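Enquirer: Dumping the structure here so I can ask a few things about it.
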Amino acid sequence: MDQHDTYLREAVALARDNVAAGGRPYGAVIVRDGKVLARAANTTHATKDPTDHAEMVAIRAASRSLGGSKLEDCVVYASGRPCPMCHAAMRLSGIKTAYFAYTAEEAETYGLLGAGIYAELCLPLDEQPMQVRHLPVRDEANPFAAWKARQDGA
1 MDQHDTYLRE AVALARDNVA AGGRPYGAVI VRDGKVLARA ANTTHATKDP TDHAEMVAIR
61 AASRSLGGSK LEDCVVYASG RPCPMCHAAM RLSGIKTAYF AYTAEEAETY GLLGAGIYAE
121 LCLPLDEQPM QVRHLPVRDE ANPFAAWKAR QDGA
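Counting with the UniProt record's numbering, you get residues 1 to 154 for the letters of the sequence shown.
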């Protein structure tokens, strides 16, 4: 077995154990330089927090372990294809590589969401089932400009 297989099997085992504990079939392992930084299962059933997906819980734990929000050089191993939220969180944290054991389409055959959400997000905003609209606010207190000024040392 290679390292990818080992970590994917660990993520799947976390998912299987989580199902036995009443949760969803998702587990994640985050590794950097051959060292496991975080292991997590989906905890939405316990916390009632819809964002407590295995990858999100693992990202939070790895960030705490490293003392920062940047997880460059980390690799995520997930039991299932990360949903769009988890995928985006991985990108925002600097993760460049992830592997998953089961596809979103496979998960959907068991009544889980995922593949459909990816497809919806590819549609123009006005065709998506959740309506998201741009309503511009223009004033001198633009928080984006304030952030940029702070970054530039002004």
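By construction, the Cβ of each residue, glycine as well, lies at the ideal position given by its N, Cα and C atoms. In this text, all values refer to a predicted model and were calculated from it rather than measured experimentally.
Please determine, among E120, G22, V12, the residue with the shortest C-alpha to C-alpha distance to K48.
Expert: Looking at the Cα atoms, G22 is the closest of the given residues.
Enquirer: Should E120 and A89 be called a contact, given that it needs their Cβ atoms to be closer than 8 Å?
Expert: Cβ atoms of E120 and A89: not closer than 8 Å.
Enquirer: Would you kindly work out how many angstroms separate the C-alpha atoms of N42 and D126, rounded to a whole number?
Expert: Cα-Cα distance, rounded: 31 Å.
Enquirer: Rounded C-beta distance between Y77 and Y99? I'm assuming under 8 Å.
Expert: Contact flag correct, Cβ pair sits at about 5 Å.
Enquirer: Below 6 Å CB to CB, which residues in the same chain sit around A107 once its five sequence neighbours on both sides are set aside?
Expert: The answer, listed in chain order, is G80, G114.
Enquirer: So, is H134 buried or exposed, given that buried needs 16 or more other C-beta atoms within 10 angstroms?
Expert: So H134 ends up on the exposed side.
Enquirer: On the three-pair Cβ rule with 8 Å, is the region 63 to 70 touching the region 4 to 22?
Expert: The answer is no - the region 4 to 22 does not touch the region 63 to 70, with fewer than three Cβ pairs under 8 Å.
Enquirer: Which one or two residues does DSSP pair with T109 in a beta bridge?
Expert: DSSP lists no partner for T109.
Enquirer: Report the three-state DSSP secondary structure of V137 (helix, strand or coil).
Expert: It is coil, neither helix nor strand.
Enquirer: Where L14 and A141 are concerned, what is the direct C-alpha to C-alpha distance, given to the nearest angstrom?
Expert: Spanning the two alpha carbons is a distance of roughly 46 Å.
Enquirer: Can you grab the Cα-Cα spacing for the pair T6 / V31, in whole Å?
Expert: Approximately 11 Å between the Cα atoms of the pair.
Enquirer: Is the CB-CB distance between A28 and A46 below 8 Å?
Expert: Not in contact: A28 and A46 (Cβ atoms no closer than 8 Å).
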